[in-house]
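> Would you mind keeping the following structure in view while I ask a few things?
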């Protein structure tokens, strides 16, 4: 299932700098996009979501941008903190598909002190 | 903060045996889900459950799988005759609403190892 792709398996960033995580999708029927963070031995934790009719949503240090024409979204974390080191998953949902989440493969972020 | 709890954290089972994975969703949530993640692969949707019925299921969720909400608090996933390829991390999730970007809250998962 390649409907949601995260092409960067890993990202390393210095503490205080910006982390930018990217996600591409192919299904134009997706209604919402969500970002989850996952620590080892824990389940995914919801971070932020965006409607397909919006182009930006911001919550504290986290901002998600959606470029619908390019079928691309990105998550910006500013400033990055060591506690942000985790795997980040992009996920998409479609009302037509019963609102199940379709996940990308994840990007492992390492924030260096 | 309320959380989804899953037991056991690790289950080792012989191939062909039945296994039941247990989940306690967040108490006021109405929608329940199972996902799995095979090592090195994506998190995949298995099934969603609402009002004591399956609302959606994936191709993975064949006749070997079943879900049940036996009482007001537990939500279980049963695999009738396990296969080697069922080895994966299984995540339960719940939500108060469905769609609209409403977050699904995940448990910490059960690692299922089939020998």
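Protein chains in written order, with our numbering: chain A, 2 to 114; chain B, 1379 to 1493.
For every residue, glycine included, the Cβ atom is placed at its ideal position computed from N, Cα and C.
This one's a predicted model, so the numbers in the text were calculated from it and none came from an experiment.
#1: How is residue 1495 of chain B classed by DSSP in three states: helix, strand or coil?
#2: Between the C-alpha atoms of residue 1390 of chain B and residue 1413 of chain B, what's the straight-line distance to the nearest angstrom?
#3: Using 9 angstroms as the threshold, is the C-beta distance between residue 1437 of chain B and residue 1425 of chain B below it?
#4: Should the region 1451 to 1458 of chain B be regarded as contacting the region 97 to 107 of chain A, the criterion being three or more beta carbon pairs within less than 8 angstroms?
#5: Is residue 1493 of chain B helix, strand or coil when you go by DSSP?
#6: Name the residues in the region 13 to 44 of chain A whose C-beta lies less than 9 angstroms from a C-beta of chain B; which are they?
#7: For residue 56 of chain A and residue 75 of chain A, I'd like the C-alpha separation in whole angstroms.
#8: Examine the Cβ distances between the region 34 to 50 of chain A and the region 76 to 94 of chain A and report whether three or more of them are shorter than 8 angstroms.
#9: Determine the closest residue to residue 1432 of chain B out of B/1420, B/1409 and B/1417, with distance taken between C-alpha atoms.
#10: Give me the Cβ distance between residue 114 of chain A and residue 18 of chain A, rounded to the nearest whole Å; I'm assuming they're in contact under 8 angstroms.
#11: What residue from A/10, A/109 and A/52 has the CA that sits closest to residue 1477 of chain B's CA?
#12: Return the Cβ separation of residue 48 of chain A and residue 108 of chain A in integer angstroms, given the expectation that the two are a contact with Cβ distance under 8 angstroms.
#13: If distances are taken between C-alpha atoms only, which option among A/103, A/31, A/67 and A/63 comes closest to residue 1420 of chain B?
#14: Listed from N- to C-terminal order along the chain, which residues in the region 1422 to 1442 of chain B have their beta-carbon within a distance smaller than 7 angstroms of any beta-carbon of chain A?
#15: List the residues of chain B that residue 102 of chain A touches, going by C-beta distances under 9 angstroms, in chain order.
Taking the geometry as given:
#1: One cannot answer for residue 1495 of chain B here, as it falls past the ends of chain B, which runs 1379 to 1493.
#2: Rounded to whole angstroms, residue 1390 of chain B to residue 1413 of chain B spans 18 angstroms at the Cα level.
#3: Contact: no.
#4: Contact between the region 1451 to 1458 of chain B and the region 97 to 107 of chain A is absent, because fewer than three Cβ pairs lie under 8 angstroms.
#5: When secondary structure is reduced to three states using DSSP, residue 1493 of chain B falls in the coil class, being assigned neither helix nor strand.
#6: Within the region 13 to 44 of chain A, the residues whose Cβ lies closer than 9 angstroms to some Cβ of chain B are 32, 33, 34, 35, 37, 39, 42, 43 and 44, listed in chain order.
#7: Taking the straight line from one Cα to the other gives about 10 angstroms.
#8: Short answer: they touch.
#9: Residue nearest to residue 1432 of chain B within the set B/1420, B/1409 and B/1417 is B/1409 (criterion: CA-CA distance).
#10: 12 angstroms between Cβ atoms; not a contact.
#11: Checked all of A/10, A/109 and A/52; the closest Cα to residue 1477 of chain B is A/52.
#12: Residue 48 of chain A to residue 108 of chain A, Cβ: 13 angstroms. No contact.
#13: For the residues A/103, A/31, A/67 and A/63, the minimum Cα distance to residue 1420 of chain B belongs to A/103.
#14: If the cut-off is 7 angstroms between Cβ atoms, the region 1422 to 1442 of chain B has 1423, 1426, 1433 and 1434 near chain A.
#15: Think of a sphere of 9 angstroms around the beta carbon of residue 102 of chain A: the chain B residues whose beta carbon falls inside it are 1411, 1413, 1421, 1423, 1471 and 1482, in chain order.
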